[in-house]
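Remarks on the structure that follows.
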Amino acid sequence: MLKLILGAAGSGKTSYITNEICGKVSAGEGGIIMIIPEQYSYEAERELCSVCGDSLSLYAEVLSFSRLAVRAAQETGTGGRISLDKGGRLLCMSLAISQIGSRLKLYKSARNKAELQASLMQTIQELKTACISSDDLSSAAETADAGLSEKLCDLALCMDAYEAILAQGHADPADKLMRLAETISQSSIGTGGHIYVDGFIDFTGAEFLVLKALLQKGADMTVCLTCDDIYSESEHFEPSRKAANALLRTANDLGTDTEIINLDAKAEKAAPLIFFEDKLYNYTSEMRENENNCIRVVKAESIRAECEMAAAKCIELVRDTGCRFRDIAVAVRGFDSYSAALEEAFRFYGAPLFTARRGSILQKPVPALIAAAFEIIHGGWDADAVFGYIKTGLAGISQEDCDLLENYIVLWNIRGSMWTRTKPWVQHPKGFGLEFDDESRKLLEKIDALRRKLAAPLIRLAEKGKKAQTAAEQAKVLSDFLIEIELPKTLEKKAAELDRAGMELLSSEYVQLWEIILKSLEQTAAILGEMSLTQEQFSKLFLQTLSQYDVSTIPVSADSVSAGDMDRMRRRHIKHLIILGASDDRLPQIREGGGLFSADERDELHELGISLGGGTDELSRELSLIYNCVSLPSETLTLSYSAFDDGGAQTRPSFLISRAKLLFGLEEEIFDISNSRLQAYAPAFLLAANALSSGSKNARLAYTYFSEMSRESRRLHELRQRAALRRGSLSNESVKALYGDRLRLSPSRTDAFSACQFSYFLRYGLKLNERERAGFDAPELGSFMHYVLENAAREISKSIGFKKVSEETVHSLADKHIDLYIKEKLNGFEDKSPRFVYLFNRLRPSVHRIAADMVRELSKSDFVPLDFELDFMSGGSLPPVRLSDGKNELYINGIADRVDGYFHDGKLYIRIIDYKTGKKAFSLTDVWYGMGMQMLLYLFALEREGKMRYGAEIVPAGVLYVPARDTLISAGGDLTDEELSKERAKSLKRSGLILNDSNIISAMEDSDNPEFIPVSYKKDGTASTDSLASAEQLKALHSHVDRRLLELSEHLSNGKIDAAPYYKGEQENACMYCPYGSVCRFDEASDTRRYLSKVKPNEFWERLEDEK
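To get my numbering, take the position in the sequence shown, counting from 1, and add 13.
This is the structure:
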């Protein structure tokens, strides 16, 4: 007997069979089985017990098709073979393909592609579920189009080979329903008693075979299906109507009596909800009232905002309606894109949530560690792979050591054989060209020890993997590696720590991960055994095997909001439903093909008698799914969508939103996050904290509320104090802690402070530095040029002099000191890439030209180098420059690149030379504002202190920036060598300030048209004054420099850290290349740019006069 109970959602089908079961139980009738979808089985059993009482278990049981198969196998003794999990099935497929790979045509590459093996496995599982055999595929291939025919032939071949592997003692769970259908006649199932089937939209091919077998056995069966009747044309009832008609045809073919009962009762639920589900697909219905605001339509700004809305709504419902959290469900089509944000929002609001989702295992720490280990040894120790490995937290080094090692790897671009060599690492842990001290040596030793600790197990993994020949041997190698790095102990420790921290779910996840790894290793060795595999092939297959597993979660509370995809809802009877993501890109969700078959191929297969879903069937099933979901709640339904998807693209509301608005005249509610945050403690406190900088009404309301609570009012008071703080000033104690009792600066630091006080505080006070890669960039190039020019000039000065030295000798000396630099500073190019060596050697011609330029200038000058790299510091050639006005005291350390001198009339005229590899030029504007004073500092310091060193009265003669760079010449047309030389000479002109004394100017360069010094002559023979200064002007400049430095000292001593960067223009300002933008967060309201207007030379000297 087959009885069909048909009716729309909520028409009483489940109540009908529940009452019937209770009647049979009361009468003592046994053998009752209720077949229900897996996700509903717990709820159905609980509800049945609550109605029928404790005696239910004596007469009836609730089973899914899978559990029914297990029950039958136990009875018939047909469950002896080992049932494979997903990973085991993939391994069997891999073994099958290794045996028939040469016979494949379209999928021949599957032998070496674990991902394609997984896709083949997925497709074969789909075919099995639909009860399609290899013979069916072969038959369809005879009439299919050429491309599809080839695909079907390969799949038939794979399916046969896979079945042959299974026959050796394994069982595929996908076959258990077919085995159930074959063996059910031998079991007691369906013999007497009654079979009830409920909760299905339709049935898979395998499920239908089981029902058919039960009817063949003569079982009494009642099947509930959601459709109004078997003749209706409503599209959302089509899947259930087709299932009902198929059952009726089967029963008629078997001569089984049938009965159809149509129910039209209405569930006990809010009238608008009944109306909505009845009229959802009826486009001729009229509008009605939405009593008690049962249905809401909400538009949020983002997915995260939607999830906050859901969390707040759940708390509001529990508080205001008295329901339990378990009476509420959240549904999303395409749940994975919402799950993380939803869990975060519910944690923030303190609402319990159970998602029942299974996370992708490859994103978890243990598989990530294994994947990174294989990527390291097979990918040349790439830095990203190493970072992925150590950041799992399972590599056996602390977070602090991880950061230390990572910084060094980034700094020196460590990769390849540098990891595996026996020689220690030798590069300075702070960068290029730095001298080692005890601290840096110890740091390098520690880094190298970490390298060896990290690399040793990986090196052994690679070495053993090369020797291993089979799958079993490769599995043993990986197992040994995991034991060597003490992974089991680490996982046990982490799980215990998480347990103590109250994070039971995460703790159980770590336990599951290790069990999955062990299971995968055991199955690999058992199934693949002696199959020949290289380590690289094994790694791809093993990781693909791991990807077949899920990490499941267990609810930690019975009273939790249930959330999941629409097709995986755990509860059928809820009071309140929130549907998120109700946008037209999600509802209805129609897949484009899937697996190895495209949508067009699925349509063609359907015509050939092989039905795999898709096309119009897929749409009907999706509409049915949406209908069933909408029919779940009994009190309220909230529909929401995000204005933008997770990729930032704008979305439109789905038909579900449109129907709700049309049927009830609803307006979209624009979600206000400040309203939602008033619903829970933590969000409300955050809102209160925001009141310190926001004028929001709700923020002020939250602030008032927490201000009246003693504990929270103290927290708010602290926040208010912090929010009121401006960068302002540091305390005296902080200044001393950061900068010491005595202020000691360098010229570069004075420039930095003058450019922006806050940037200076971050860099030199807090010592925040960017993580940089060691490259031969501007600073390193400058140091290199300084080294070569200094040493070459010193050697020439001590030997034949600048006026007699040949250009060939200059080039030879430059090469000599380039080679010494390579040896001393670059460790003889050790650990440098061929590209680095090539690019470095390309610098030689440029160095030759720059050195020759320096020598040519000095050969035409009466000024001669007196000192190179003259240092002003404690224990140096000269003491630090000391400035004091009685109130402020400042010591300036520094190094002058070169000091030139000229004796005249018993006095020593001094000029300071600074080599510049960049394009910096001397600027009186900068000097006026307290920047670019480096050379002037040294010049005036020597005016004070130089007599002790040089034995003569010192007279300041000037300062010059000397370009230490080669330049590209832009000019139209071809230039002769002489013209090119002249153009280059123009680009290498010095900039600076020179004493306006004709004797001194001539001593620097005796020429009517100076090539080097920044002096030009007018037609009357007088010199242009822009780069000239009289002795009186230099004296005034000396006072200005001291005054600026003492002002700077006062600001530093007073702890000034204002974000007041200098600003000359869009392309020239302190913020342009500042690395601290994310820390500074310059505030237009409270911070101020210092706009520096250009100061012309004559205006500059006038201002100095006014300062006197």
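Heads up, the beta-carbon is just placed ideally off N, CA and C, and yes, glycines get one too.
Residue i versus residue j - alpha carbon distance
{"i": "residue 1076", "j": "residue 318", "result": "39 Å"}
{"i": "residue 224", "j": "residue 614", "result": "29 Å"}
{"i": "residue 524", "j": "residue 69", "result": "36 Å"}
{"i": "residue 340", "j": "residue 649", "result": "11 Å"}
{"i": "residue 445", "j": "residue 839", "result": "8 Å"}
{"i": "residue 289", "j": "residue 673", "result": "7 Å"}
{"i": "residue 918", "j": "residue 965", "result": "11 Å"}
{"i": "residue 774", "j": "residue 865", "result": "41 Å"}
{"i": "residue 1114", "j": "residue 937", "result": "9 Å"}
{"i": "residue 458", "j": "residue 452", "result": "10 Å"}
{"i": "residue 867", "j": "residue 469", "result": "52 Å"}
{"i": "residue 14", "j": "residue 240", "result": "21 Å"}
{"i": "residue 252", "j": "residue 603", "result": "15 Å"}
{"i": "residue 34", "j": "residue 65", "result": "8 Å"}
{"i": "residue 154", "j": "residue 143", "result": "17 Å"}
{"i": "residue 817", "j": "residue 885", "result": "32 Å"}
Burial state of residue i (16 or more Cβ within 10 Å)
{"i": "residue 634", "result": "buried"}
{"i": "residue 922", "result": "buried"}
{"i": "residue 983", "result": "The predicted model places residue 983 with a pLDDT of 49, which falls under 50 and marks its position as unreliable, so this point remains unresolved."}
{"i": "residue 279", "result": "exposed"}
{"i": "residue 1013", "result": "buried"}
{"i": "residue 711", "result": "buried"}
{"i": "residue 587", "result": "buried"}
{"i": "residue 434", "result": "exposed"}
{"i": "residue 813", "result": "exposed"}
{"i": "residue 40", "result": "exposed"}
{"i": "residue 683", "result": "exposed"}
{"i": "residue 202", "result": "buried"}
{"i": "residue 779", "result": "exposed"}
Within 8 Å, strictly: CB atoms of residue i and residue j
{"i": "residue 719", "j": "residue 709", "result": "no"}
{"i": "residue 168", "j": "residue 136", "result": "yes"}
{"i": "residue 669", "j": "residue 301", "result": "no"}
{"i": "residue 876", "j": "residue 915", "result": "yes"}
{"i": "residue 1106", "j": "residue 659", "result": "no"}
{"i": "residue 236", "j": "residue 17", "result": "yes"}
{"i": "residue 99", "j": "residue 561", "result": "yes"}
{"i": "residue 20", "j": "residue 282", "result": "no"}
{"i": "residue 653", "j": "residue 322", "result": "yes"}
{"i": "residue 534", "j": "residue 467", "result": "no"}
{"i": "residue 977", "j": "residue 802", "result": "yes"}
{"i": "residue 390", "j": "residue 474", "result": "yes"}
Helix, strand or coil at residue i according to DSSP, with G and I counted as helix
{"i": "residue 391", "result": "helix"}
{"i": "residue 340", "result": "helix"}
{"i": "residue 456", "result": "helix"}
{"i": "residue 181", "result": "coil"}
{"i": "residue 913", "result": "strand"}
{"i": "residue 663", "result": "strand"}
{"i": "residue 114", "result": "helix"}
{"i": "residue 20", "result": "strand"}
{"i": "residue 439", "result": "coil"}
{"i": "residue 207", "result": "strand"}
{"i": "residue 1131", "result": "Not covered by the structure: residue 1131. The range shown for the chain is 14 to 1121."}
{"i": "residue 167", "result": "helix"}
{"i": "residue 1103", "result": "strand"}
With three or more C-beta pairs closer than 8 Å as the rule, is the segment 59 to 77 touching the segment 213 to 223?
No, the segment 213 to 223 does not touch the segment 59 to 77.
If we count Cβ pairs, one from each stretch, closer than 8 Å, do we get three or more for the segment 71 to 84 versus the segment 36 to 50?
They touch, by the three-pair rule.
Would you call the segment 160 to 174 in contact with the segment 95 to 115, where contact means no fewer than 3 C-beta pairs closer than 8 Å?
Enough Cβ pairs lie closer than 8 Å, so yes.
Contact between the segment 937 to 951 and the segment 805 to 818: three or more CB pairs below 8 Å?
no
Can you confirm whether the segment 1000 to 1013 touches the segment 1027 to 1044 when touching is taken to mean that 3 or more C-beta pairs between the two stretches lie within less than 8 Å?
Touching, per the Cβ criterion.
Does the segment 119 to 138 come close enough to the segment 548 to 557 that 3 or more CB-CB pairs lie under 8 Å?
yes
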